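Colleague: Residue numbers (the working numbering), protein chains in the order written: chain B, 1 to 205; chain F, 206 to 410.
Quick reminder that beta carbons are idealized off the backbone N, C-alpha and C, glycines included.
What you are looking at is a predicted structure, and each value in this text was computed from that prediction instead of being measured.
Input: one structure, supplied below.
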DNA sequence: TTGATTTTGTACAATTCGGTACAAGTCAGG
DNA sequence: CCTGACTTGTACCGAATTGTACAAAATCAA
């Protein structure tokens, strides 16, 4: 076990391992090797061994890794051995899709609030969520223990809303708006912008 | 100008620069510096200069970069100085959101087909798109010039559908299914999985 | 015109990251 | 028990990536 600072790039791969392992577990597989896992996720076996060994000796020579054990450890490392409350900001098409997405529950996340600044939408429901008024967002967040927000609003208002989220104590933002966000060092942002992702591939076509 | 192989990591940053520059241009700004652009996108000025200089000397000492000129060059490099036809596979919530997304048009992409394997959905419309039968996907794609697909289907069928896409000549896949895909070397995949992205941040909370 | 200021592109240095190779532990079968 | 096949964790090394620093070019104000 290594108590030093773990590089971001390694942390970034762990959720991919976690996802693949979870899938193997669902298929009833009990054990895997760095080799096999590597083939599933497209990463070299040595890389996987090195990444995992940053956190302890979880494998067994000759046998590989117990999937349930490794799952537990990875969930613990990534702090998804619990359920995080998440706020969804923006009830447009993308917000709707995320609100209705069934893939969060068994991966550590639970949407607890949905906000929109359109007064016509406020009070309406998406499935079980009642859309709340964005004007009340800061006070609602401050009174909650929400540390994670998903931002599905236009780029024009993304930075100002982000500032409010930070002010309200949010520490992690999944940003669907096509714009880079400026946040303090203690706040993390991940970007999802389909056009940007597509543009990362056209170069090679 | 350097004709050598450009690292993936640099190509990955160019769309971010492009997005920021496009935004500046929309705001009527004519010129920028690596310093200013860096502040917008959260990347060091030296890094930006080095990235851009891989492709030529586009800046001017003392002045910086002409935004429209740099935009043209980046679009050319990334091959988004044209419009790419894109196929959308899966007409669920996420597929709907993407089909209706207005952010593709001025960034080089145009959805031209939407498929679903649910016979009840086939023939229905999402805005102007008629949902087509997934059974006809391969032949429809082969008869088209579609090289890019967006996959918004369940993980269980993602690999088999991917194999069909590859067989039909697709060379770039934006995968929304929460699973790693296996593709030949000449096919690129980008992953969008909100739970994975969130899990990349919880470690730091 | 001149000197101060700005900014690029790049050489060089430092750091980070990934691949190779192997000792040592584990297991299955005879 | 013994042998052969597997597999981990890590030391070592080369490659890739980023940071530092500066010469040279361009601009601007006086």
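1. For a contact defined as C-beta to C-beta under 9 Å, what are the partners of residue 445 of chain F on chain B?
2. Starting from the Cα of residue 140 of chain B, find the closest Cα among B:17, B:93 and B:89 and give me that residue.
3. Looking only at C-alpha atoms, which of B:119, B:120, B:17 and B:111 sits nearest to residue 127 of chain B?
4. Compare the C-beta of residue 41 of chain B against all C-beta atoms of chain F and say whether one is closer than 8 Å.
5. Excluding the 5 residues flanking residue 187 of chain B on each side, which residues of the same chain have their C-beta closer than 6 Å to its C-beta?
6. Just checking: is the beta-carbon of residue 217 of chain F within a distance shorter than 8 Å of some beta-carbon in chain B?
7. Just to confirm, is the Cβ distance from residue 220 of chain F to residue 174 of chain B under 8 Å?
8. Taking residue 356 of chain F as part of the beta strand (DSSP E), name the residues at either end of that continuous run.
9. Quick one: list the residues of chain B neighbouring residue 385 of chain F, beta-carbon separation under 7 Å, in chain order.
10. Consider the C-beta atom of residue 237 of chain F and the heavy atoms of the ligand FMN; say whether any pair is separated by less than 7 Å.
11. Just mark residue 99 of chain B as buried or exposed, buried being the case when its beta carbon has 16 or more other beta carbons within 10 Å.
12. Along chain F, in chain order, which residues have C-beta atoms closer than 7 Å to that of residue 188 of chain B?
13. Determine which residues share a DSSP beta bridge with residue 271 of chain F and list them.
14. Between which two residues does the beta strand (DSSP E) harbouring residue 393 of chain F extend?
15. Could one say the Cβ of residue 153 of chain B lies closer than 8 Å to chain F's Cβ atoms, at least one of them?
16. Determine the extent of the alpha helix (DSSP H) in which residue 348 of chain F is found, giving its start and end residues.
17. Could you give the uninterrupted runs of the alpha helix (DSSP H) lying entirely in the segment 50-119 of chain B, keeping only those of 4 residues or more?
18. What's the call for residue 368 of chain F, buried or exposed, on a 16-neighbour Cβ count within 10 Å?
19. Establish whether the CB of residue 174 of chain B and some CB of chain F are separated by less than 8 Å.
20. The segment 83-96 of chain B: which residues have C-beta closer than 9 Å to a C-beta of chain F, in chain order?
21. Do you know offhand how far residue 382 of chain F's Cα is from residue 155 of chain B's?
22. Which chain B residues sit within Cβ distance under 9 Å of residue 282 of chain F?
23. Assess, as a yes-or-no matter, whether the segment 250-260 of chain F is touched by the segment 306-322 of chain F under the definition of 3 or more beta carbon pairs within less than 8 Å.
24. What distance in whole Å lies between the Cβ atoms of residue 314 of chain F and residue 288 of chain F, which are believed to be in contact at a cut-off of 8 Å?
25. Tell me which residues of the segment 325-356 of chain F have at least one Cβ-Cβ distance to chain B shorter than 8 Å, keeping chain order.
26. Return the CA-CA distance between residue 273 of chain F and residue 230 of chain F, expressed in angstroms with no decimal places.
27. So, is the C-beta of residue 314 of chain F closer than 8 Å to a C-beta in chain B?
28. Using the Cα positions of residue 338 of chain F and residue 403 of chain F, report the straight-line distance between them to the nearest angstrom.
29. Give the C-beta separation of residue 282 of chain F and residue 203 of chain B to the nearest angstrom, bearing in mind that I take them to be a contact with Cβ-Cβ under 8 Å.
30. How is residue 338 of chain F classed by DSSP in three states: helix, strand or coil?
31. If I measure Cβ to Cβ from residue 207 of chain F and keep anything under 6 Å in the same chain, skipping five residues before and after, which residues do I get?
32. DSSP three-state call for residue 205 of chain B: helix, strand or coil?
33. Since residue 395 of chain F and residue 201 of chain B are thought to touch, with beta carbons under 8 Å apart, how far apart are those beta carbons, to the nearest angstrom?
34. How would you list, in chain order, the residues of chain F whose beta-carbon sits under 7 Å from the beta-carbon of residue 80 of chain B?
35. Below 8 Å between beta carbons: does that hold for residue 182 of chain B and residue 85 of chain B?
Modeller: On the basis of the coordinates in this document:
1. Any answer about residue 445 of chain F is impossible in this case: the structure gives chain F only from 206 up to 410.
2. B:89
3. B:111
4. yes
5. 166 and 171
6. yes
7. no
8. 353-356
9. 16, 20, 40, 41 and 42
10. Of the ligands one can find in the structure shown there are none, so the ligand FMN has no counterpart to examine.
11. buried
12. 406 and 409
13. F:236
14. 393-396
15. no
16. Neither: residue 348 of chain F is in no alpha helix (DSSP H) and is coded neither H nor E.
17. 67-77 and 93-100
18. exposed
19. yes
20. 84, 86, 92, 93, 94, 95 and 96
21. 25 Å
22. 203
23. no
24. 7 Å
25. 352, 353 and 355
26. 7 Å
27. yes
28. 33 Å
29. 7 Å
30. strand
31. Low confidence applies to residue 207 of chain F: its pLDDT is 45, below 50, so where it sits in the model is not reliable, and the reading given next is rough at best. Closer than 6 Å at the Cβ level, and outside the excluded window around residue 207 of chain F, lie 259.
32. coil
33. 6 Å
34. 404 and 407
35. no
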